[in-house]
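Right, one structure below, let's go through it.
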C-alpha cells in the first residue's frame, strides 16, 4: 500500500523540521480527540489547483499535524472543468483517499445511495473543535432523512442571489439606494438610454433557471422579490425541472407544487426577460456566453450589473474594474421593497458544498481528526490563507489583506463561518449584506428545510427531462424566443417526457417528508 | 492515342516458414498492446447490461438485461438524434475528404519550394486549435460581443441583406459546422494524400505529359486514380465511426443552446447532457455499445462493397 | 501498382541513392509533344494558376484565425473583452504569457512532455509500422484476422472506468509517464493508413530482393522502411502531436504536479481561471485574470512546437523514392 511510502516521507519531514524549531506558534490547543492511533496520510480530493506556495504551507501544516495526531495531510487537485467526472471516477474505482468535495450539483446523491459515503451523524459530537464551529442549525439543515453525509461548507448562514450593480453609474443617473424592483428596472433602462457602450446587465450561460426562480427569489422574478417568504423550489437532481412549492400550504402540512411554467412569478419573469432581450437590456448572447467571459467583460466596464451571491466575493471584481474605470464602485441590490433588515427571506440553510468522507477507502477517524484540527483558528488560517506575513496579514477588524496570490479552494476542505476572514476591499454595501447574511435569525426557515428529493425511482425520466429543459427552457431563460409559442413547445415536450410521473413522485416524497417532520 | 498504364497484378510470394516466424515476431509487440490496453478494458462492457452500483463495482453489480438501452432507444428523441449524427458525420466526412484531396492535388502543382512548404504548414495547423478557441472565434464572427453584431452580419448589412441571429437559427448550422470541419481537417487530410502522391513515380507524369495531357488532366486521370486506395481506406474508416458524433467540436460550439439542437444534437452530446449529473455508468456504456455495434455493421457492409469494387485495394 | 515504362532494372543500391535525392529543378527546354504539338514542360497552365489561387485562399482562411489568436495573446484583456478579438495587439500586454510562464513548474512540464513525446513516438512508430507491415503482407491465415483484431478497438471501447482500474490497480502505473504513453500508444486509424501505403509499394522491388536471398525481416528493415519515409514521417508527426497534446491521460493517472506534462498544466490553469471567478472563495487575483488572453496564449504555446516540427517532417516528403519501378 502506498501509505507506507508516505509515512516514511512524513517521518523525514519531521526529523528535518526538528532542526528548524517549533517556534511558529502552531502548537495550539491540545487535541482532545478520542483515543486511537492514527497514521498514514489523509488524502483530500480538491478542485482547482495547488496554490503557489503550497509545498511550504503543507510542510508547515504537517509538522504540527504529525506531532499532534500522528498523520499527514496531502491533497490532490483536479481542475474544475473535470472535477465532477474525476471525483466520481475515483469513488467508482475505489481509490484510496479520505475526503472529497461533493455536492448535490455534483454526484453526492448518487454516491450516498450507493453507500460510498461515510455516515457522519454521530461523529461530529466526538470532536470538540469541530463541533464548536458548526452550529446546530447548520447541521440540522444539512441532514438527509436524519443522517449527516458530509460536513457543510458555508461562510454565511443564508445564500441569496442578487444584483451587483455599478454604484458609480447609479449615482451618476440619480439612483441613490435601490430597494425595490421597479426602481432597479428603471435604473437598467436609464443606463441603456444614457450610457452608450454599456449594456445594463450581463447574463451568462451557466445561470439558466437562477434568472427566474430560487429559494426565495429568482433574479428577474419580481413577484418573488416582493414576496420573499412564498416560494420554495426543488428539483430531482439532474432533471433541470424545478417545482415551485407553496410555502404557506406547507406550513399547514399540505403539499402544493407546480412545475415552473405554471408559476405566476416565473411566467412574469419570462415576459420580463423577453422584453429585456428585445430592448437590449441584457446581452443577446447569454445562451452561449461563458461565465468567465461575462465576468471579464464586466471588469472591463461593459456591463452595469451582473449576478452575485452573498458569499463575500462580489467585491473581488472591483480590483480589475478599477483598472478600466478608475472611479468605479459596486453596490449589492436585493430589491425586497425596503431595507434588507425589514424582511426575513425564506431559506433552507442547505450548503451548496460539502466535504464527504470516503466509506470504501478512507479512514473516518483520521478524516475527522483532520477536520477538527482545521477548525482551530491558527491551523485554519495557515491552510486557507497561507503563511502569515508572507501570503497574508490580518487587518484590524479580523479581516485579511492578501500579500501574495495564494488561493486555496477552502470550500473543499475547511470552510467555517466563524473563521472565514473578510477580504480587505469589500465594499460598504457588500459588508452590510454579508454581515446580515451571517445570522440565522434574520431568515425564515422553510418547512422543507432538509428535504432532499431522491431521484432513484425516476432516474430515467429525470435524465429525459434534462434534455427537454435544456432544449426548450433555456431559450426562455434568456429571452431569445417568443414566450407563448416556446411555452407551448416546452409543455408538449415535457408531457411526452413524463412530467406527470416526476410531479407525482415529488408530491409523494414531499408528503412523506412533511409527515415525518410533524412527528 | 494514350498509352494506358497497364496495372500489373503482382503475384505475392508466400514467405518461408522461417520468414513467417520473423513476421509474427514483428507483429508481437502490437498484438500484446492490443490485448492489454484495448481488449482488456473491453471486459468492462458488461456493465451495459447491469444496474451499476458504485460499491459493488462492475463485476458485482446486478444484471438488468436491456434496461439501460431502453433509456435512449425508447425516448422520442432517438430518431432525430440518430439522423443528426449520421447526417452530420456524412457531411463532415465527405467535405473533409474532398477538401483534403483537392488541397493535395493543388499543393502538388505548386512549384515554389518555400511557398509550398509554408502553405502546407499553414493549412495543417487548424487541426491543433482546441475546440474552445474555435467556438470563441466563431462567436466573434457570427455574433460579436454581446450577441448583436459579428463580422458576417456586418457584411450582410453592407450589401443590404437582413442580419441574422445565427445562434438561434438551427437551419444554417449543419453547413456552418461543415465549414468549421473543413477548416479543421482539410490540411490534416491533405497530408495523408500528399504522402501517397510522393510515392507516385515522376515517370508517370512525364509519360502523361508526353501524351499531351494538361496539368488538370494529369491531376484528374493520373493522380486521382492512384489516390483511390487511400481514399477508400479513409472512407471505410470514416463509415465505421458514423454513429459516433464529434462531441468535442459540437459541444464546444453549441453547448447548452437549446435552440440549435434540432439540427446539431448528436448521440454523444445528448447522452452527455442527460447523464451529466445522474452519472449512470451503465446507461453510458449501453449507448456506447449501441454505437459500436451499429458502426460495426456499417463497416462490414462497406468493406464487402469495397471488395467487390476493387479487390486489390480492399482493406481485408 | 506499376506502369510499363521503358525502364531499366535497378539494383537496390541505386534505389537507395535515388531516395536521398530530392527532385532537382530542371532547366527549361521547350519540348513539344509529338502528338499534339503543344509545348510541354513547366509552363504556367490554367490549372496551376487556379491551384495557386485556391491554395492561397485556403491558406488565408487558415492564417487569419491564426493571426487573430497570436495577436489576441498579446492584447490587453480590457480590449479583448470589449471586441472579442484583436487583429493588432494594441494595447500590448504580455500578462497572459507572464502568468503562464511563472505559474509554477513550466520547466518540469516541458521535460515531462518531451519525454512522453519522444519515447511515445518511438514506441508508437515502431509498433505501428511492424504491425501494419504484417497486415499489408497479406499472409494467409494471419493478416486477415490481424486486420479485424486491430480494427475492433476502433469501434468498441470499455470506457473510462475499466481503463482506470487496469492502469492503476492491475499495472500500478500511477504517477508514471508511461501511464500517459501506453493507453494511447497505437491508433488503429494510423495503422490502416500505413497498411494502405505499404500495399502500394511495388512488388517488384520486394521480389528482386527475395531473389537475392533476403529474408522477410531483412526486407522489412532494409527495403521497406527506407522506402516508406513519407508515411513514416506522417505517422511520426501525427503521433508526436498526439503525445504533445495529451492531457487527459495525465489528468487521470498523474497526481504529482511535478510530473504534469505541459498540456495538463496549461489546461488546469485555464480551467481554473475560467471557473474560479464564479466560485465561492474566489480571490481578487483570480477575478482579475485575463481569461480571453490566457486562452489565446495557451493556444499559441500549444501550436508553436507543432508549426516548428511540421517543416522538419516535410523533408521526408521526398519524390522519386520508387524511381524506375521495374517491369521488364
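Residue numbers (the working numbering), protein chains in the order written: chain A, 1 to 519; chain B, 1001 to 1316; chain C, 2001 to 2328. Beta carbons: idealized from backbone N, C-alpha and C, even for Gly. Keep in mind it's a predicted model, so treat the numbers as computed, not measured.
Task: Limits of the unbroken beta strand (DSSP E) element including residue 75/A - done: 72 to 78
Task: Same chain, Cβ closer than 6 Å to residue 513/A, neighbours up to 5 away in sequence not counted - done: 451
TODO: For residue 1113/B, count neighbouring C-beta atoms within 10 Å of its own C-beta (all shown protein chains included) and say buried if the count is 16 or more, exposed if not.
DONE: exposed
TODO: For the region 1119 to 1132 of chain B and the region 1201 to 1215 of chain B, state whether three or more C-beta atom pairs, one from each stretch, are separated by less than 8 Å.
DONE: no
Task: Listed by chain order, chain A residues near residue 2164/C by CB distance under 7 Å - done: 89 and 93
Task: is_contact[residue 1136/B, chain C] using C-beta, thresh 8 Å - done: yes
- [ ] Mind checking the region 279 to 308 of chain A against chain E and listing, in chain order, the residues whose C-beta falls within less than 8 Å of any C-beta there?
- [x] Checking the listed chains, one finds no chain E in this structure; the protein chains it contains are A, B and C.
- [ ] Identify which residue in 1287/B, 1223/B and 1099/B has its Cα closest to the Cα of residue 1081/B.
- [x] 1287/B
Open item on the list: Strictly by DSSP, which residues pair up with residue 500/A?
Closed with: DSSP output for residue 500/A lists no bridge partner at all.
Task: Residue range of the unbroken alpha helix (DSSP H) whose run includes residue 2230/C - done: 2229 to 2245
Open item on the list: For residue 380/A, tell me which candidate among 43/A, 221/A, 52/A and 57/A has the shortest Cα-Cα distance.
Closed with: 57/A
TODO: Consider the Cβ of residue 79/A: report whether some Cβ of chain C lies at a distance smaller than 8 Å.
DONE: yes
TODO: Check each residue of the region 2063 to 2091 of chain C: if its Cβ is closer than 7 Å to any Cβ of chain A, include it; give the result in chain order.
DONE: 2077, 2078, 2081 and 2082
- [ ] Find the residues of chain A that neighbour residue 2255/C, judging by a C-beta separation of less than 7 Å, and give them in chain order.
- [x] 76
TODO: State yes or no: is the beta carbon of residue 50/A nearer than 8 Å to at least one beta carbon in chain C?
DONE: yes
Open item on the list: Quick check on residue 34/A: does DSSP put it in helix, strand or coil?
Closed with: Below a pLDDT of 50, predicted positions are generally treated as unreliable, and residue 34/A, at 47, falls in that range; the measurement from the model is reported next regardless. Correct three-state label for residue 34/A: coil.
- [ ] Return the CA-CA distance between residue 359/A and residue 453/A, expressed in angstroms with no decimal places.
- [x] 22 Å
Open item on the list: As an exercise, report each continuous beta strand (DSSP E) stretch of at least 3 residues that is fully enclosed by the region 298 to 327 of chain A, in chain order.
Closed with: 305 to 309
- [ ] Specify, as a first and last residue, the run of the beta strand (DSSP E) that residue 161/A falls within.
- [x] 161 to 166
TODO: Please classify residue 477/A: does DSSP put it in a helix, a strand, or coil?
DONE: helix
Open item on the list: Quick check on residue 1051/B - is its C-beta less than 8 Å from some C-beta in chain A?
Closed with: no
Open item on the list: How far does the alpha helix (DSSP H) with residue 54/A in it extend, from its first residue to its last?
Closed with: 54 to 68
TODO: Could you please give the first and the last residue of the uninterrupted alpha helix (DSSP H) stretch that includes residue 1083/B?
DONE: 1078 to 1109
Task: Cβ shell of residue 35/A (< 8 Å), same chain only, five flanking positions each side left out - done: Since pLDDT at residue 35/A reaches only 46, below the 50 mark, its modelled position is unreliable, and the value read off the structure follows with that caveat. Hits under 8 Å: none found.
Open item on the list: Is it buried or exposed, residue 331/A, if we count other Cβ atoms within 10 angstroms and call 16 or more buried?
Closed with: buried
- [ ] Could you give the DSSP three-state label for residue 1119/B: helix, strand or coil?
- [x] helix
- [ ] Assign residue 1051/B to one of three DSSP states: helix, strand, or coil.
- [x] strand
Task: Simplified DSSP assignment, three categories, for residue 1257/B - done: coil
TODO: Rounded to whole angstroms, what's the CA-CA distance from residue 413/A to residue 40/A? Just pull it up for me.
DONE: 18 Å
Open item on the list: Are the CB atoms of residue 1168/B and residue 480/A within a distance shorter than 8 Å?
Closed with: yes
TODO: Tell me whether the beta-carbon of residue 238/A lies closer than 8 Å to the beta-carbon of residue 463/A.
DONE: yes
TODO: State the start and end residues of the unbroken alpha helix (DSSP H) segment that holds residue 1175/B.
DONE: 1173 to 1197
- [ ] Could you tell me which of 1239/B, 1254/B, 1018/B and 1251/B sits nearest to residue 1305/B, measuring between CA atoms?
- [x] 1239/B
TODO: With residue 432/A as the anchor, note down where its alpha helix (DSSP H) starts and where it stops.
DONE: 428 to 436
Task: Within 8 Å, strictly: CB atoms of residue 287/A and residue 244/A - done: no
Task: Beta-carbon spacing of residue 198/A, residue 303/A below 8 Å - done: yes
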